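All remarks here apply to the structure that follows.
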Amino acid sequence: MFEDAIGKRSNKVRNTVERGAVRKFADAIGDAHPIFVDEDAGKASRYGANIAPPTFPRVFDYGEIDGLGLPSKGLIHGEQIYHYERPLLVGEDIHCWTEVKDYKEKAGKSGTMGILTLEGKGEDDDGTLVFSADQVVIITEAVRKGMKA
Amino acid sequence: MSAIAEKQAGDTLEAVTLPPVSRLDLIKYAGASGDYNPIHTIDEEAEKAGLPGIIAHGMWTMGNLAKLFTPYYEEGFIETYQIRFRGMVFLGDEVSLNAEVSEQNEGKITFDVNAKNQKEEDVLKGKVVFKTY
């Protein structure tokens with residue numbers, strides 16, 4: 001049902017790697033290491049600033065893709081890949097967008113599954129890519145039926 | 001702690017076993033990540049979705065696993081972090097986090113990583129490529 005969406009992308013959205021958000025996130029994953037949360041430790045590090053944990057891009061806004069209305073319930077997260085050119089720095093702006101990379105349907109145990117691959121990207125202010133984030137989402141038959149209804 | 005760059009195939013990072021998963025852990029992660037899917041925080045919603053109870057966000061476990069590498073950021077950074085979500089994590093589960101070097105090559109160290117529950121079942125599994133400076 002999402003075949004037509006392949007190749008569609010959202011507009012870029014500016015996100016700030018906020019100090020408070022990084023602190024809260026690091027704490028929530030039990031990893032409040034000084035490199036993430038202690039300002040002096042960040043300044044003294046090779047990065048000259050605090051950095052964000054590698055799964056932090058989950059919090060960014062990637063914008064909306066026209067015509068891709070995913071339900072808020074029932075989706076299964078199958079796979080996640082982050083690829084970094086360098087770590088994210090606390091305080092910097094990151095411009096994010098997302099694109100539908102692929103959609104396939106496959107017969108499974110409980111009916112036909114939709115397998116949707118979304119690729120998010122984040123660039124710095126100079127337009128240099130900092131990271132990409134691929135996400136594979138599984139949409140069960142029950143969820144797809146609910147969407148058509 | 002020995003330098004990550006000296007690790008060879010078969011070497012491991014110090015494994016971590018998390019305290020039993022609590023409701024507060026998941027409420028905190030929902031707030032920090034903005035993922036408010038109610039199957040992670042509200043019993044009735046999890047049951048409605050056909051689950052025996054609330055389950056941890058897969059991304060919570062993936063986030064936790066990354067901390068095995070946090071002590072090494074002066075030496076390099078996680079270049080690639082790839083995870084497949086294999087099983088569900090329930091309240092009270094005791095999750096262990098593991099990383100073993102599979103390849104050591106020109107400034108890139110590849111680890112097989114996994115998180116297992118107390119029954120030794122994989123809940124997530126994947127790879128980390130750590131790039132050294």
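Chains as they are written, first to last, in the UniProt record's numbering: chain L, 1 to 149; chain C, 1 to 133.
For glycine and all other residues, C-beta sits at the position ideal for the given N, C-alpha and C.
Bear in mind the structure is a predicted one, so any value in this text is a computation, not a measurement.
Same chain only: Cβ atoms within 8 Å of residue i, ignoring 5 sequence neighbours per side
{"i": "R23 (chain C)", "result": "T41, I54, L91"}
{"i": "L75 (chain L)", "result": "V137, I138, I139, V143"}
{"i": "G67 (chain L)", "result": "D4, A5, K8"}
{"i": "T80 (chain C)", "result": "K127, V128, V129"}
{"i": "L18 (chain C)", "result": "N64, E94, V95, S96, L97"}
{"i": "T112 (chain L)", "result": "E105, K106, E141, R144"}
{"i": "L51 (chain C)", "result": "I39, M88"}
Residues that residue i contacts on chain C, provided the C-beta gap is smaller than 9 Å
{"i": "P87 (chain L)", "result": "Y73, F77, I78"}
{"i": "A41 (chain L)", "result": "Chain C residues near A41 (chain L): none, gap ~10 Å exceeds 9 Å."}
{"i": "V130 (chain L)", "result": "Those within 9 Å of V130 (chain L) in chain C number zero; the least Cβ separation is about 11 Å."}
{"i": "D124 (chain L)", "result": "By Cβ distance, chain C contributes nothing, its closest Cβ being about 15 Å from D124 (chain L), past 9 Å."}
{"i": "Y84 (chain L)", "result": "F77, I78, E79, T80, Y81, K131"}
Beta-ladder partner(s) of residue i, from DSSP
{"i": "L124 (chain C)", "result": "C:F85, C:A115"}
{"i": "L116 (chain L)", "result": "L:Y103, L:V137"}
{"i": "I78 (chain C)", "result": "C:F130"}
{"i": "R9 (chain L)", "result": "L:E99"}
{"i": "G31 (chain C)", "result": "Per DSSP, none; premise fails for G31 (chain C)."}
Contact with chain L by residue i, beta-carbon distance below 8 Å
{"i": "L18 (chain C)", "result": "yes"}
{"i": "N105 (chain C)", "result": "no"}
{"i": "G53 (chain C)", "result": "no"}
{"i": "K116 (chain C)", "result": "no"}
{"i": "A49 (chain C)", "result": "yes"}
{"i": "M62 (chain C)", "result": "yes"}
{"i": "M88 (chain C)", "result": "no"}
{"i": "K108 (chain C)", "result": "no"}
{"i": "A5 (chain C)", "result": "no"}
{"i": "A66 (chain C)", "result": "yes"}
{"i": "N37 (chain C)", "result": "yes"}
Chain L contact residues for residue i, given Cβ-Cβ distances below 9 Å
{"i": "K125 (chain C)", "result": "In chain order: nothing, as chain L lies at least about 10 Å away."}
{"i": "S102 (chain C)", "result": "By Cβ distance, chain L contributes nothing, its closest Cβ being about 17 Å from S102 (chain C), past 9 Å."}
Pairwise C-alpha distance: residue j and residue i
{"i": "T55 (chain L)", "j": "M59 (chain C)", "result": "8 Å"}
{"i": "residue 151 (chain L)", "j": "A56 (chain C)", "result": "Nothing about residue 151 (chain L) can be reported from this structure: the residues present for chain L run from 1 to 149 only."}
{"i": "V113 (chain C)", "j": "K109 (chain L)", "result": "28 Å"}
{"i": "A115 (chain C)", "j": "I109 (chain C)", "result": "19 Å"}
{"i": "M147 (chain L)", "j": "S132 (chain L)", "result": "28 Å"}
{"i": "S45 (chain L)", "j": "G30 (chain L)", "result": "21 Å"}
{"i": "I27 (chain C)", "j": "E44 (chain C)", "result": "15 Å"}
{"i": "W97 (chain L)", "j": "P57 (chain L)", "result": "11 Å"}
{"i": "R23 (chain L)", "j": "G63 (chain L)", "result": "24 Å"}
{"i": "G114 (chain L)", "j": "G78 (chain L)", "result": "11 Å"}
{"i": "K7 (chain C)", "j": "G69 (chain L)", "result": "46 Å"}
{"i": "I78 (chain C)", "j": "R86 (chain L)", "result": "8 Å"}
{"i": "H33 (chain L)", "j": "I65 (chain L)", "result": "35 Å"}
{"i": "P71 (chain C)", "j": "A46 (chain C)", "result": "36 Å"}
Closer than 8 Å to chain C by CB, residue i
{"i": "S72 (chain L)", "result": "yes"}
{"i": "A28 (chain L)", "result": "yes"}
{"i": "V100 (chain L)", "result": "no"}
{"i": "F2 (chain L)", "result": "no"}
{"i": "K106 (chain L)", "result": "no"}
{"i": "K121 (chain L)", "result": "no"}
{"i": "R46 (chain L)", "result": "yes"}
{"i": "K12 (chain L)", "result": "no"}
Neighbouring residues, chain L, relative to residue i (Cβ below 8 Å)
{"i": "R84 (chain C)", "result": "G78, E79"}
{"i": "T70 (chain C)", "result": "D31, H33, I35, F36, P53"}
Beta-carbon proximity list for residue i, same chain, < 7 Å, skipping 5 on both sides
{"i": "E3 (chain L)", "result": "Y103"}
{"i": "E18 (chain L)", "result": "none"}
{"i": "P145 (chain L)", "result": "Per the sequence shown, the amino acid found at residue 145 (chain L) is Lys instead of Pro. Within the same chain, K145 (chain L) has no close Cβ partners at all."}
{"i": "R124 (chain L)", "result": "Here the sequence assigns Asp to residue 124 (chain L), which means Arg is not the residue at that position. Taken in chain order, the residues that qualify are E92, I94, V130."}
{"i": "V59 (chain L)", "result": "A21, F25"}
Residues near residue i by beta carbon distance below 6 Å, same chain, minus five either side
{"i": "E121 (chain C)", "result": "G87"}
{"i": "G42 (chain L)", "result": "A49, N50"}
{"i": "D134 (chain L)", "result": "I81, E119"}
{"i": "Y84 (chain L)", "result": "F131"}
{"i": "Y36 (chain C)", "result": "A30"}
{"i": "T117 (chain L)", "result": "K101, D102, V136"}
{"i": "Y133 (chain C)", "result": "G76"}
Within chain C, partners of residue i - CB distance below 8 Å
{"i": "V59 (chain L)", "result": "A32, S33, G34"}
Interface partners of residue i on chain L, CB under 7 Å
{"i": "G10 (chain C)", "result": "Per Cβ cutoff of 7 Å: no residues; G10 (chain C) is ~24 Å from chain L at best."}
{"i": "G58 (chain C)", "result": "H77"}
{"i": "K119 (chain C)", "result": "Within 7 Å Cβ-Cβ: nothing; K119 (chain C) doesn't reach chain L, min ~21 Å."}
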